[in-house]
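Protein chains: 4
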Amino acid sequence: MAITGRNEERTGRIRLGMVGGGNDAFIGAVHRIASRIDDHYEFIAGALSSTPEKAIASGKALGLEEDRIYPDFKAMAVREGRLKSGIEAVSIVTPNHMHYPVAREFLKRGIHVICDKPLTGTLPEAKKLAKAARDSSALFVLTHNYTGYPMVRQAREMVAGGELGKIRLVHAEYPQDWLTDALEGTGQKQAGWRTDPARSGAGGCIGDIGTHAFNLACFVSGLTLDSLAADLTTFVEGRPLDDNAHVMLRFEGGARGMLWSSQVAPGNENALKLRVYGTKGGLEWAQEHPNHLWFTPFGEPKRLITRGGAGSGEAAGRVSRIPPGHPEGYLEGFANLYTEAARAILAARTGEAVGAEVVYPTAEDGLIGVAFVDACVRSSARNGAWVGLNA
Amino acid sequence: MAITGRNEERTGRIRLGMVGGGNDAFIGAVHRIASRIDDHYEFIAGALSSTPEKAIASGKALGLEEDRIYPDFKAMAVREGRLKSGIEAVSIVTPNHMHYPVAREFLKRGIHVICDKPLTGTLPEAKKLAKAARDSSALFVLTHNYTGYPMVRQAREMVAGGELGKIRLVHAEYPQDWLTDALEGTGQKQAGWRTDPARSGAGGCIGDIGTHAFNLACFVSGLTLDSLAADLTTFVEGRPLDDNAHVMLRFEGGARGMLWSSQVAPGNENALKLRVYGTKGGLEWAQEHPNHLWFTPFGEPKRLITRGGAGSGEAAGRVSRIPPGHPEGYLEGFANLYTEAARAILAARTGEAVGAEVVYPTAEDGLIGVAFVDACVRSSARNGAWVGLNA
Amino acid sequence: MAITGRNEERTGRIRLGMVGGGNDAFIGAVHRIASRIDDHYEFIAGALSSTPEKAIASGKALGLEEDRIYPDFKAMAVREGRLKSGIEAVSIVTPNHMHYPVAREFLKRGIHVICDKPLTGTLPEAKKLAKAARDSSALFVLTHNYTGYPMVRQAREMVAGGELGKIRLVHAEYPQDWLTDALEGTGQKQAGWRTDPARSGAGGCIGDIGTHAFNLACFVSGLTLDSLAADLTTFVEGRPLDDNAHVMLRFEGGARGMLWSSQVAPGNENALKLRVYGTKGGLEWAQEHPNHLWFTPFGEPKRLITRGGAGSGEAAGRVSRIPPGHPEGYLEGFANLYTEAARAILAARTGEAVGAEVVYPTAEDGLIGVAFVDACVRSSARNGAWVGLNA
Amino acid sequence: MAITGRNEERTGRIRLGMVGGGNDAFIGAVHRIASRIDDHYEFIAGALSSTPEKAIASGKALGLEEDRIYPDFKAMAVREGRLKSGIEAVSIVTPNHMHYPVAREFLKRGIHVICDKPLTGTLPEAKKLAKAARDSSALFVLTHNYTGYPMVRQAREMVAGGELGKIRLVHAEYPQDWLTDALEGTGQKQAGWRTDPARSGAGGCIGDIGTHAFNLACFVSGLTLDSLAADLTTFVEGRPLDDNAHVMLRFEGGARGMLWSSQVAPGNENALKLRVYGTKGGLEWAQEHPNHLWFTPFGEPKRLITRGGAGSGEAAGRVSRIPPGHPEGYLEGFANLYTEAARAILAARTGEAVGAEVVYPTAEDGLIGVAFVDACVRSSARNGAWVGLNA
């Protein structure tokens, strides 16, 4: 395998802004690190908080030029859209309910958007945002970061290449334990907005992490959901959103699956796991050991395919930076989406087409994710009846 | 931990017979080995096949005295019931549809029955067998062998002792891959009867191994099922029974769960796994590494409790034979049920009561297991509607 | 793979006696269980303790006939040697210093000996015992039990079959932690004799468990040791024997190796592990997960070979009892040596030859093991100089 | 644990140059990525190859300004040393034999040096470089990158805090398999210089990766080596340097250890592993799963400490960027050394002292590493005699 992931040619670094991600925000810093790893971006502007004072303080702390620090996203979109060397792309790392209003402003000005998942908190907004992306000349990239891991790309390539035969079963799970107690009652910021319907939307853990598991299941298996039956539960008293979700899945073409997401399962940190089984073989991948992919051709011994090692192919190689045996992880997975986006943005500058190997989640993928949450909520409200997606 | 499992006092070994388990039968040999490990039994009589010729040949091959080799179970029950030194207990290791007719004959003669799982192939038969067991002076022991593993006993003890707090979630899975292709079409005996409704009953993989997973979930969690919603599927064309089962569970008291059993998941041999999560902690156990139990008290590092090692208690110690670090396994788990049965049988000889620490699955447990399969089939037939158990 | 390990034909069960192994002894019970698993033996006589009173009490507790309970091994050898239906084989499960005197009495009377490891406590005794075995018409079987594991047989078969190419490296380790503190000072019986040179011999942990690791290394690799350089250490104050051993190995033909045994490594229960690397591939096996063998053909993905699963061959199959995915363990490994011995003993009854597939450690293997300990002690006494074996 | 690792305050980014690391070089790109992750550096100058043409082409490809691209390191040191905004620090990522001549030029001009390991190829050069570092006003940082992993910091903190008691045993191993065949004969660049004494020095695999294992052992245990006995071997015919090393270690104060490094062990990618055992507990860490640390307090269950999870402390927290459960890896470990260096360099700007929590390997550490290789070679040449370090 040729490792071809890194790309440091700095000629023409992309001018990047950010909305959200001020002091204390976790995911904003992740996006900034990811944008630097392959050196495709130059971070030059931001509206980094919903509070103007914090937005300005955060911008200063991060070393932005004073005139590129904005008190709010609207002002930023307007001015950057007019500047000759205004930002070409913006990262949106706000709570879910702001994704649509922020993205709309930039998309309509032709500024590319890199947006944290889920697409939006509600299905109507998701439809509007998907339409805004369709109508814009700019690109829209949704950071379903697990699709950026080399061995996830490898798994997808193996399924597409027929190495598993016809897919029969898809099992995805994403258990965590950090909300086992009522953490939101302590003022913890992350717990606060993630359990608040006004900022998160209709899904609690199904929206926050269930969408990751579902996106990953579809990304690797290549399947389209037909219907689902869901049982959402809230175990912690007084919490207004689900903290555990059990879902049975039926895919078009006959495959079946199960999905479990939980934030109340002690002993699980971020135990995202995907298992796919077909007529000819099975695959297993776990996010906490992301450089390993288990593959069993039916009737043969189980094999360990490692990132960059024997059996690892092109799709993994182009998003790898270092040789096998050295662990790459979460930040590199994120960086891979930023780099894919950079490839597409650089191509868009000149009107070039990008090859099919450039892969990133789009607004359409995000719409399906929000429709998935919506379907889970509807099914659960109807005592687990099977429902389809309204995407 | 005191290791007190082994008991070789041979005074008064229990006279044991067997129905089924002739040449080529896998589970019969397992039962015989299990009965010898702690030396509580003397195997002296058998009706080892449904074909008289094979029954006789098998009896000779196993060294039974000629007059204790029977051509059929009925003849055996009648004569052994009259002999002064007739068998005190019988192991039933036939296909499922014979469990009830065979057990009935021995139970009504006061001969203890040790019967392979599931209890029966159909719910009406299960109810009759449960009644026959209730009405008999003899003991009925169902070999849900996974309940015999030391670390399963340990897990049950920890849940009962409150170390997990109130239980919220129970996840059980039992995937295999041996029926990924139509093995039953090749004349393979095991595949043949397990995919045949006439001999297996209404459930395919849900009856064969799903019942193990369900039994284990209830045994460890101590919970009672309220209702379930099931999606049974047959992936291999022409197979008359399910080869994959997805089930969502609701327990009395509010706990929720998922259960997956499959015989078409390449890369899985006997990957039975149980995970239980409560308000105060979580437990994980996998049958393929049975001497290990993972325990996470919420907010503390995950701990590895090993059979006989630090943190392992009385319930595990009394079914352990060797020190920590040396693996005990499947045969020992089976032997533990035989030894528990021996303790109960020896006590019954003298009318003594046995202590609460003597634990084995009963006909009532088996009835619940068959009712579980029945409920899965009913739910699946109604497109996954929630149904209760008719036990 | 055909699973052909079990053999229950009881015609002609072998009459077995035991020396040592009374109440509270761990390894005696293990030998008795192992002898019962495949039903080749009938345990009928014993001198179960060095104290006549305990010997008699233990014999009664185990249900021996009164006239087959002996106060000492000499009386037992004399009488059993004369009885028409005297024992055909004896298990010796005493501390090391008694192996030679006991074995000699039975060997010279033509009674087969199954003896616990190491062969003896000292090299001169080992040479005498090896000679006694050579001079006797009876068989001598040394229970280096790890050679009885199916996947160890599999590994040996793969090496012999050239699947690893020419062997370059052999790494064996056997760390434990139970003697981290001065347990022998508490009166604990196992710790007492194992740290006592009078009963254990010249080696402490190198004799107790280092010999297991060394035997396993040779058994699988098929290599013969040329020389070694050892660094034995006693970490617990006042302990007269080594509790940790570091050894570098040079084999005939150029292969090199390392061996580590320890009883003071917290977190290790019985972490015996073997790794063998050749020009074409590598193998890894760990006793705590004995049903798994890792095999990497150089330049290909690592493969998991499971007991009875795909890739597992004849040598493993003939010592397996149950299908893949169900764990077999320590007792079954022990039982496999008893069954191999039974095959040889039954053949010896009629003068038949046994096939090359019947494999068990002999007195010669035991002599090499004791010579290994002796060499380690000599090398360590000379500050780690390279020394050869005086076998 | 507060996660405090990331630091993006860009005011005053450090001006960085690089020697070596042109097109096709693996480790140069790693250093550049590492320098960008926390945004402390601005890469502005380079002499990126020993061939002027390649040096210039590589500089252009990486987007350096034309007048900061140098044909050789000497010209770069001279001019950058004079420029008002010349580089403040230089990364040296050449083959080993160039480390000293390059570093000397920058150190004597007061430019901080960040140098790849090992310090040099030979002991005399190592001593000269250590002296040059001592004599310079500039900092010298050696990228023993494994010391940058959060859980390695955690392990070191636990040992220092007495949680293992007095250390008795240190086991370090670093097996690889990429040189199992004579890869250097194919023109592969990495294999070429690593097996060439002129460019690598006196040690082959012991110098390339054995030094990593040794550095890690000392870093975590806090011990100082007293003497060692080594057995270096070359398995691949015609290779002038060792490709396998077995070493026994004696530390000051009585602890013992073993070290194994190999490049001919099929199935091992970069299987660096460290195990440390003391009177009160044991620790185990494996580089391929770097976010996990196993800790066993003697007599208690083994515990899994995860990066950022329960039980993880300050030393790990300050070099972590993301929450527990998300894997950080190799690049982040490297970045942590760059960030530690940045903290020291920024403090040096103003003459501030840095706290004891700022930890990075120095030239003295590097000197010990080269002395270790030298001692291994000397011991092996004397048939494994015990020798001390000439550091």
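Sequences listed follow chains A, B, C and D, in order. Sequential numbering of the first sequence, starting at 1, is according to our numbering. Sequential numbering of the second sequence, starting at 1001, is according to our numbering. Sequential numbering of the third sequence, starting at 2001, is according to our numbering. Sequential numbering of the fourth sequence, starting at 3001, is according to our numbering. Ideal Cβ positions, reconstructed from N, Cα and C, are used throughout, including at glycine. Values in this document were obtained by computation on a predicted structure and should not be read as measured data.
C-beta neighbour in chain C for residue i, strict 8 Å
{"i": "Leu-169/A", "result": "no"}
{"i": "Gly-1329/B", "result": "yes"}
{"i": "Gly-121/A", "result": "no"}
{"i": "Trp-3260/D", "result": "yes"}
{"i": "Arg-1036/B", "result": "yes"}
{"i": "Pro-1118/B", "result": "no"}
{"i": "Asp-3242/D", "result": "no"}
Counted within 10 angstroms of its Cβ, other Cβ atoms place residue i as buried (16 or more) or exposed
{"i": "Asp-365/A", "result": "buried"}
{"i": "Pro-1361/B", "result": "buried"}
{"i": "Gln-2263/C", "result": "buried"}
{"i": "Val-2078/C", "result": "exposed"}
{"i": "Gln-3154/D", "result": "buried"}
{"i": "Asp-24/A", "result": "exposed"}
{"i": "Gly-3203/D", "result": "buried"}
{"i": "Glu-53/A", "result": "exposed"}
{"i": "Ala-138/A", "result": "buried"}
{"i": "Gln-1188/B", "result": "exposed"}
Residue i at chain A interface by Cβ criterion, 8 Å
{"i": "Arg-1256/B", "result": "yes"}
{"i": "Phe-3295/D", "result": "no"}
{"i": "His-3289/D", "result": "yes"}
{"i": "Trp-1386/B", "result": "yes"}
{"i": "Asp-1135/B", "result": "no"}
Residue i beta carbon near the ligand NAP (any heavy atom closer than 7 Å)
{"i": "Ala-77/A", "result": "Of ligands this structure carries none, so the ligand NAP is not represented either."}
Extent of the continuous alpha helix (DSSP H) run through residue i
{"i": "Asp-135/A", "result": "123–135"}
{"i": "Ser-1379/B", "result": "1363–1381"}
{"i": "Ala-103/A", "result": "99–107"}
Extent of the continuous beta strand (DSSP E) run through residue i
{"i": "Ser-2227/C", "result": "2225–2233"}
Below-8 Å beta-carbon distance, residue i vs any chain B residue
{"i": "Arg-2153/C", "result": "no"}
{"i": "Gly-3299/D", "result": "yes"}
{"i": "Met-248/A", "result": "yes"}
{"i": "Thr-180/A", "result": "yes"}
{"i": "Glu-2184/C", "result": "no"}
Inset, instruction - Jot down the residue ranges of each uninterrupted beta strand (DSSP E) in the segment 3023–3074 of chain D, minimum 3 residues, whole runs only, in chain order. - result: If we require 3 residues or more, the beta strand (DSSP E) runs fully inside the segment 3023–3074 of chain D come out as 3041–3047.
Inset, instruction - Scan the segment 2245–2333 of chain C and note each continuous beta strand (DSSP E) run of 3 residues or more that stays entirely inside, going in chain order. - result: Counting only runs of 3 or more, we get 2256–2262, 2273–2278, 2281–2286, 2292–2297, 2302–2306.
Legend entry - Continuous alpha helix (DSSP H) assignments of at least 4 residues falling wholly in the segment 2151–2212 of chain C: Here the runs fully enclosed are 2189–2194, 2197–2200.
Legend entry - Residues of the segment 2263–2283 of chain C with Cβ closer than 9 Å to any Cβ of chain D, in chain order: Correct list: Val-2264, Ala-2265, Pro-2266, Gly-2267, Asn-2268, Arg-2275, Tyr-2277, Gly-2278, Thr-2279, Lys-2280, Gly-2281, Gly-2282, Leu-2283.
Legend entry - Proximal residues, the segment 2302–2329 of chain C versus chain B, C-beta separation under 8 Å: If the cut-off is 8 Å between Cβ atoms, the segment 2302–2329 of chain C has Thr-2306, Gly-2309, Arg-2321, Ile-2322, Pro-2323, Pro-2324, Gly-2325, His-2326, Pro-2327, Glu-2328, Gly-2329 near chain B.
Inset, instruction - Quick one: which residues of the segment 2015–2032 of chain C get their C-beta closer than 8 Å to a C-beta of chain B? List them in chain order. - result: Listed by position along the chain: Phe-2026, Ala-2029, Val-2030, Arg-2032.
Legend entry - Residues of the segment 219–235 of chain A whose Cβ lies closer than 9 Å to any Cβ of chain B, in chain order: From the segment 219–235 of chain A, only Ala-229, Ala-230, Asp-231, Thr-233, Phe-235 have a Cβ closer than 9 Å to chain B.
Inset, instruction - Taking a Cβ distance cut-off of 8 Å, strictly less, list which residues of the segment 332–347 of chain A are near chain D, in chain order. - result: Residues Glu-332.
Legend entry - Contacting positions in the segment 3036–3068 of chain D - beta carbon closer than 8 Å to chain A: Listed in sequence order: Arg-3036, Ile-3037, Asp-3038, Asp-3039, Ala-3061, Leu-3062, Gly-3063.
Inset, instruction - Could you please tell me which residues of the segment 193–210 of chain A, in chain order, have their CB closer than 8 Å to any CB of chain B? - result: Residues of the segment 193–210 of chain A whose Cβ lies closer than 8 Å to any Cβ of chain B: none.
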